[in-house]
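Trainee: Here it is, the structure, as structure tokens.
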Amino acid sequence: MHAAAESVLVLGSAGFIGSALCTHLARQGHHVHALGRSQADGNQAGITHMRGSIEDRHLLRDALGKCNRVVYAASMTTPGVSARDPSLEVLGNLLPLTRLLECAAEFPGRRIVYLSSGGAIYGDEAANAVESRPLRPRSYYGAGKAAAEAFLHACVATGDCSAVILRPSNLYGPGQRVTKGFAIVPTMFDRASDGKAFQIWGDGSTVRDYCYIDDLVEAVTAALFSPLQRQVNVYNVSSGQTASILELIDACQIASGRSINVEFKPARGVDVACVSPSHQLIADELGWTAHVDLASGLRRTWAWHQSSTLA
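Using our numbering, read the sequence shown as starting at 229 and increasing by one per residue.
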């Protein structure tokens, strides 16, 4: 059963997560106010596109006056980007978030869903990590996510709003573009297409949980509309389907029907051996579980990769 129609503000609407979420919510009958740095091509029923900056107070206040529910899916960095310039975590991510929280304080009762990270904040203790585990990020990117979560806790403590913090595992699926040092599945499919070597840092034994974009979107939807247990609710979003780098290469070769050449590089100190956060809490409290298995998700992603390459 779908929730009654609501107006939802999506920040970061032009990104991988934001664009998929906007489409999903509009198809469910909700009205989406989509704020992003770039505007999507074409018009889609149920989506009002707003091109601009999250730091624009006037734009935020106008949108918050129309929307009781907010999704913060915006991000200006990747782990590699903030490793080179840690200040970008503050300037590009924390500052815009605090601007939203500042404006949201003027509109009581808003629910904010924030997309954090299940892979960057637990540190070495990321195998079957539960939400109550202490945060020990090993990168500036992870530190930025942990700081953002702290700001959300403070916002709820000092104002009249609620928050849901989602910590997704490694996401993949149609619509995900390659960013240098980020987005492993489309990078592997690019290497399957162009024949260049895929670089493996270490021996390829590091393990990650992989969650398909449609499953993540369903988790965000549940976070938006389900009854909440607390004023601040933190959930891992993981599929329970893990693969090492070498296993993922094999799976991508099967999905694409092509070989992927590999090049081994020295291991990096920041890489955690296993990232597989537990999804038990979100299953118990919001009734969410992943439905798309890795093999099916990779086939769908490869089909999209081929069609987007030819377009």
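Glycine included, every Cβ here is placed at the ideal spot set by N, Cα and C.
1. Just to check my reading of the structure: D443 and V358 have Cβ atoms closer than 8 Å, yes? What is that Cβ distance to the nearest angstrom?
2. Does the distance from the C-beta atom of R339 to that of A332 stay below 7 Å?
3. Take P414 and list the residues in its own chain whose beta-carbon comes closer than 6 Å to its own, dropping the five residues that flank it on each side.
4. My output table needs one value for H277: the three-state DSSP class, helix, strand or coil.
5. Assign D313 to buried or exposed, taking buried as 16 or more other Cβ atoms, counted over all protein chains shown, within 10 Å of its Cβ.
6. I want to know whether the stretch 350-366 touches the stretch 296-314 - three or more CB-CB distances under 8 Å.
7. Whose C-alpha, out of Y440, G370, L452 and V260, is nearest the C-alpha of R528?
8. Jot down the residue ranges of each uninterrupted beta strand (DSSP E) in the stretch 376-416, minimum 3 residues, whole runs only, in chain order.
9. Would you call the stretch 457-466 in contact with the stretch 508-518, where contact means no fewer than 3 C-beta pairs closer than 8 Å?
10. Among the residues of its own chain, which have a CB less than 7 Å from the CB of Y368, if the five just before and after it don't count?
11. Taking 7 Å as the threshold (C-beta atoms), are S466 and D499 in contact?
12. Check the DSSP bridge columns for V236 and list the partner residues they point to.
13. How is K424 classed by DSSP in three states: helix, strand or coil?
14. Is it the case that the Cβ atoms of I473 and I488 are separated by a distance below 7 Å?
15. Please report how far the alpha carbon of G293 lies from the alpha carbon of D422, in whole angstroms.
16. Among the residues of its own chain, which have a CB less than 6 Å from the CB of H258, if the five just before and after it don't count?
17. Which two residues bound the contiguous alpha helix (DSSP H) that contains E330?
18. Counting C-beta neighbours from all protein chains within 10 Å, is the total for F417 16 or more, i.e. buried, or is it exposed?
19. If you drop the 5 nearest sequence neighbours on each side, which residues of the same chain put their C-beta closer than 8 Å to that of E491?
20. Look up S303 in the DSSP assignment and say whether it is helix, strand or coil.
Mentor: The structure says:
1. Their Cβ separation, rounded to whole angstroms, is 19 Å, which puts D443 and V358 out of contact at 8 Å.
2. No, the Cβ-Cβ distance between R339 and A332 is not below 7 Å.
3. These residues qualify, in order along the chain: Q404 and V406.
4. Residue state, collapsed to three classes: strand.
5. Exposed: under 16 other Cβ atoms inside 10 Å.
6. Counting Cβ pairs under 8 Å, fewer than three are found: no touch.
7. Of the listed residues, the one whose Cα sits closest to R528 is Y440.
8. With a minimum length of 3 residues, the continuous beta strand (DSSP E) runs that stay inside the stretch 376-416 are 389-396 and 398-400.
9. These segments touch.
10. Around Y368: S310, A311, P314 and E317.
11. Cβ atoms of D499 and S466: not closer than 7 Å.
12. Per DSSP, the beta-bridge partners of V236 are V260 and R297.
13. Correct three-state label for K424: coil.
14. Against a cut-off of 7 Å, the Cβ pair of I488 and I473 comes out as no contact.
15. Cα-Cα distance, rounded: 48 Å.
16. Excluding positions up to five away in sequence, the list reads A233, E234 and V236.
17. Under the DSSP assignment, E330 falls in the alpha helix (DSSP H) whose first and last residues are L323 to A332.
18. Answer is buried; the Cβ neighbour count reaches 16.
19. For E491, where only same-chain residues beyond five positions count, the Cβ hits under 8 Å are A425, F426, Q427 and I428.
20. It is coil, neither helix nor strand.
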